[in-house]
Amino acid sequence: MKRIIPLMLLGFLLTTCQTAKVSADNNDYVTEQQLIHHSFVLTEMDGNTITGKVGVPTLSFGEKMFISATMCNDFYGMGRISDSVLTVKHLSKTELECVDEDLSKWDKLIKRMLTDGSVVSYHGKKLILTQGRNKLVYTLRDYIN
């Protein structure tokens, strides 16, 4: 009897921890594993559809959360998701002169969103990054299906 009570307690604790994880996943809690090996293209910026750009802005997630983003310049670094907030501690970027005024502005925005952190959600094929009033909507566009 003395051994049964601690075993029952341990079983109850394990069940409780497992239940919390399941409910978190059902509430759109984004994990790194959901994004690794996927590529996205920017389709919407602050409610406006992106059209007519020569280079399509992208966001890709590689092995161990290596993040690659393009606007006018290329950005890359090791990312992390914690409590649905995506951050890249040491973000590197190319230093190209932007001809497109929008892409030039968006360069600063994506840099800030990745380094300061942005709330990330993933619904269907839409990846949404939000920081303050700014909202970037990316659509899944993997190279290999």
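The sequence shown lines up with residues -20 to -1, 1 to 125 when you count with mature numbering (1 follows the signal peptide of the UniProt record, and there is no 0).
For glycine and all other residues, C-beta sits at the position ideal for the given N, C-alpha and C.
Fair warning: this is a prediction, and the values are worked out from it, not measured in the lab.
Residue state for MET51 is assigned as coil, using DSSP reduced to three classes. Rounded to the nearest whole angstrom, the CA to CA distance from HIS70 to LEU15 is 19 Å. Closest by C-alpha distance to THR67, out of LEU89, ALA49, ASN53, ASP96, is ASP96. The Cβ-Cβ distance between LEU89 and CYS52 does not fall below 9 Å.
A distance below 6 Å between beta-carbons, with the five flanking residues on each side excluded, links GLY112 to no residue of its chain. Beta-bridge partners of LEU39 (DSSP): PHE20, ALA49. Fully contained in the segment 64 to 116 are the following beta strand (DSSP E) runs of length 3 or more, in chain order: 65 to 68, 98 to 103, 106 to 111.
9 Å or more divides the Cβ of GLY57 from the Cβ of HIS17. The distance from the Cβ of GLU12 to that of ILE61 is about 5 Å, consistent with a contact at the 8 Å cut-off.
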